[in-house]
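Undergrad: Residue numbers (UniProt numbering): 1 to 142. C-beta: ideal position from N, C-alpha, C; glycine also. From a predicted model like this one, the values you see are computed outputs, not experimental measurements.
#1: Note down the Cα distance separating residue 60 from residue 8, rounded to an integer number of angstroms.
#2: Quick check: the stretch 49 to 69 against the stretch 21 to 32, are there 3 or more CB pairs under 8 angstroms?
#3: Within the UniProt domain "HTH merR-type" (8 to 74), note down every full alpha helix (DSSP H) run reaching 4 residues or more, in order along the chain.
#4: Between the alpha carbons of residue 100 and residue 91, how many angstroms are there, rounded?
#5: Which of the three DSSP states is assigned to residue 137 in this structure?
#6: Using 10 angstroms around the beta-carbon of residue 87, count the other beta-carbons present and answer buried if the total reaches 16, otherwise exposed.
#7: Quick check on this structure: which residue in 66, 70, 58, 89 has the alpha carbon closest to the alpha carbon of residue 16?
#8: Taking all protein chains shown into account, decide if residue 66 is buried (16 or more other Cβ within 10 angstroms of its Cβ) or exposed.
#9: Count the other CB atoms, across all protein chains shown, that sit within 10 Å of the CB of residue 38; report buried if there are 16 or more and exposed otherwise.
#10: Per DSSP, residue 6 forms a beta bridge with which residues?
#11: Output the distance between the C-alpha atoms of residue 71 and residue 18, rounded to the nearest integer angstrom.
#12: Please list, in chain order, all residues of the same chain as residue 84 whose beta carbon is under 8 angstroms from its beta carbon, the five residues on each side excluded.
#13: Which of helix, strand or coil does DSSP assign to residue 102?
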């Protein structure tokens, strides 16, 4: 039986995930270990590459490995309740909304400063003050 698929280097190139990271995702159970050829080389199918691209995007959006594992588990076992996926999405939504609020505050302050510079003066800079405001801080110690 001839196995199909691409080698790990090509899977890395197509998914945008580095080779050591792919091996890590296999170790932590985010990606099933692919079949190996007679020469002991791993072969990755299109579905594996799509899964890797999903994991990369989820990581870029700030999802923790455990949250990604839960989402993938829900996808792999569609008979499960939607409650777990919904809970993850809701928790993540709150974090994203907090991050957006921080970025909006920073945007307004930078616009105010740029406007002041156009009139030949630099007004009091409040960027550090804005970013240090724990009310808008994602990782605040509330």
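TA: Taking the geometry as given:
#1: 21 angstroms
#2: yes
#3: 8 to 15, 19 to 27, 46 to 60
#4: 15 angstroms
#5: With a pLDDT of 48 at residue 137, under the threshold of 50, the predicted position of this residue should be treated as unreliable, though the coordinate-derived value follows. Residue 137 falls in the coil class under three-state DSSP.
#6: exposed
#7: 58
#8: exposed
#9: exposed
#10: 44
#11: 22 angstroms
#12: 70, 74
#13: helix
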